[in-house]
């Protein structure tokens, strides 16, 4: 994002969500909604809000603010839907919006999470085996984009692994100190088919399942 854009967004956010106050002021929810749209248009300039998308945006807004709603703020987001439904765009919007409205950590670092493409993650295993994917297990806040697009199983010098079955299990083991987000074309029912019934059960504990169907956020 251009520095000028960052400055404008921060100036708009300060009266809404003072850094010293981690709780969102829900009496100014309309200000947050306007800010979310402004942030979205820095990610996708043609971003538009269609009537059918308003409930989804409202749910995600409340999650970003760690406010009570239909999504559990203690769980990550599993954004799923058809190709072209705006899942990756929305993930980047959520990242930028949370950097503004969520408090910094004890060292003053803004809130954030790393976004990694599933195919790139698996290429790390192909090059270095388990050492090549350890960083994605250790990352405190990690998002995986386009889960399900990777080759399954992935090979490394004669050994094969369902890489994300392994990673999701390991991140589940760290779920109390680590946060995970996902975008995928896989439906919720397909999780067990691709990664196994155990991982499906783990995912129910780790994620809010957020369907993104229908029209894109982009202008036609």
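Residue numbers (the working numbering): 90 to 309. Using N, Cα and C, we set each Cβ at its ideal position, and we do this for glycine too.
Measuring only the C-alpha atoms, how far is residue i from residue j?
i: residue 116; j: residue 223; result: 43 Å
i: residue 161; j: residue 147; result: 13 Å
i: residue 190; j: residue 248; result: 44 Å
i: residue 278; j: residue 134; result: 34 Å
i: residue 291; j: residue 271; result: 14 Å
i: residue 294; j: residue 164; result: 8 Å
i: residue 130; j: residue 121; result: 14 Å
i: residue 221; j: residue 275; result: 25 Å
Going by DSSP, what residues sit across from residue i in a beta bridge?
i: residue 215; result: Answer by DSSP bridge pairing: none, since residue 215 is not bridged.
i: residue 194; result: According to DSSP, which records beta bridges pairwise, residue 194 is partnered with nothing at all.
i: residue 203; result: 231
i: residue 249; result: 244
In three-state terms, what does DSSP make of residue i?
i: residue 265; result: coil
i: residue 300; result: strand
i: residue 235; result: strand
i: residue 145; result: helix
i: residue 182; result: helix
i: residue 158; result: coil
i: residue 271; result: strand
i: residue 170; result: strand
i: residue 165; result: strand
Taking its Cβ as the centre, do 16 or more other Cβ atoms sit within 10 Å of residue i, making it buried, or is it exposed?
i: residue 196; result: exposed
i: residue 297; result: buried
i: residue 260; result: buried
i: residue 216; result: exposed
i: residue 240; result: exposed
i: residue 287; result: exposed
i: residue 266; result: exposed
i: residue 159; result: exposed
i: residue 172; result: exposed
i: residue 246; result: exposed
Is it the case that the stretch 249-263 contacts the stretch 194-213, given that we only count it when at least three CB pairs across the two stretches are under 8 Å? yes
Can at least three beta-carbon pairs, one atom from the stretch 229-247 and one from the stretch 198-208, be found at a separation below 8 Å? yes
Stretch-stretch touch, CB-based, cutoff 8 Å, three pairs: the stretch 177-193 with the stretch 114-132: yes
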